[in-house]
Amino acid sequence: MLVMVKHPDGWVDQVLAQQQAAVSQFDEDSAERRYFKRGEFASGPQSDWALIQVVSGVIGLMQDGNRVLALEPGDCWLAYPGALFDWYQEGAVDVQFWTWSQFTVQQSLSVVHGFQDLILELLNYSTQVPPDPTPGFEFFKSGDVIIQEGDPADSVYTLIQGKAKVMIGGVTVGVAKEHEILGLQAMLLKTHRTASVIADGPCSAVKVTYDKFRSLIEARPELVLSTMETMAQQIERANQRLTKE
9 MLVMVKHPDG
19 WVDQVLAQQQ
29 AAVSQFDEDS
39 AERRYFKRGE
49 FASGPQSDWA
59 LIQVVSGVIG
69 LMQDGNRVLA
79 LEPGDCWLAY
89 PGALFDWYQE
99 GAVDVQFWTW
109 SQFTVQQSLS
119 VVHGFQDLIL
129 ELLNYSTQVP
139 PDPTPGFEFF
149 KSGDVIIQEG
159 DPADSVYTLI
169 QGKAKVMIGG
179 VTVGVAKEHE
189 ILGLQAMLLK
199 THRTASVIAD
209 GPCSAVKVTY
219 DKFRSLIEAR
229 PELVLSTMET
239 MAQQIERANQ
249 RLTKE
């Protein structure tokens, strides 16, 4: 799960615990499945749907057009997001869901109040602090070009799911893995891309422009560590290439 607004310490852990507690009350075999093409999910959940869980793809909640959180495979939430929120989706999505008829009264109260209390806590907290810049999700199929060698470097990508080949002059020189920041060095140096990054299977990534990246660093200093780790990985790749040569 990704949260796009400021949130209290430990909030994500509370949500994950609530998700686990909600799903554990039901037999997974009793869930129904539904596949939605791009753009179909917002009007998809029916009034009798109670709990929804992502099987593949990404859906999320937004408020007044601003994204609040993203649910990834395994995450679950109330099917009805409440009067303050709307659903959004990134690409096609496959979900499973349980209906209200499968809930006892006690289960209904526990699940509803659990998620509602958490989202209200998030809203109350996030309105007291400056909002973070909202990154954008992008999805790639195998062979798609995430970064093109020679292009101007005006943004970075953080690989959320999948892996990608790093290529220079058509030769594979490395593999980018989940949570790695792509295109960082060229963007910071304001040069052109020195390598291409090609999706090696289905991938999802978050794209952040230079200005938003600076704002994210200011808002979340812990990202400096991730930045340093990524640069260290790039230096290691360069050293390995020199050794082979």
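Per the working numbering, the very first residue in the sequence shown carries number 9; after that it's consecutive. We put the CB at the ideal spot given by N, CA and C, even for glycine. The model shown is predicted, which means the values in this text are computed figures rather than measured ones.
Problem - Buried/exposed call for residue 54, threshold 16 Cβ in 10 Å - result: exposed
Problem - Run of the alpha helix (DSSP H) containing residue 195, from where it starts to where it stops - result: 192-197
Practice task
Have a look at the DSSP bridge pairing and note the partners of residue 176.
Solution key: 179
Problem - Selection from 31, 174, 164 and 221 that minimises the alpha carbon distance to residue 123 - result: 31
Practice task
Evaluate residue 156 with the Cβ neighbour count: other Cβ atoms within 10 Å of its Cβ, from every protein chain shown; 16 or more gives buried, anything less gives exposed.
Solution key: exposed
Practice task
For residue 259, collect the residues of the same chain with a Cβ closer than 8 Å to its Cβ; drop the 5 residues on either side in sequence, then sort them by chain order.
Solution key: Because residue 259 is not part of the residues shown, which for the chain are 9 to 253, the question remains open.
Handout entry: Backbone CA spacing between residue 218 and residue 198 [nearest angstrom]
Key = 9 Å
Exercise for the section: Could you check which residue in 131, 161, 80 and 154 has the C-alpha nearest to that of residue 204? Expected result: 154
Exercise for the section: Take residue 11 and list the residues in its own chain whose beta-carbon comes closer than 7 Å to its own, dropping the five residues that flank it on each side. Expected result: 20 and 77
Problem - residue 176, buried or exposed, once every other Cβ within 10 Å from all chains shown has been counted against 16 - result: exposed
Handout entry: Nearest-angstrom beta carbon gap, residue 42 and residue 103 [assumed within contact, 8 Å]
Key = 6 Å
Problem - Where residue 92 sits in the DSSP three-state scheme - result: coil
Handout entry: Straight-line gap, residue 129 to residue 181 (C-alpha atoms, nearest Å)
Key = 46 Å
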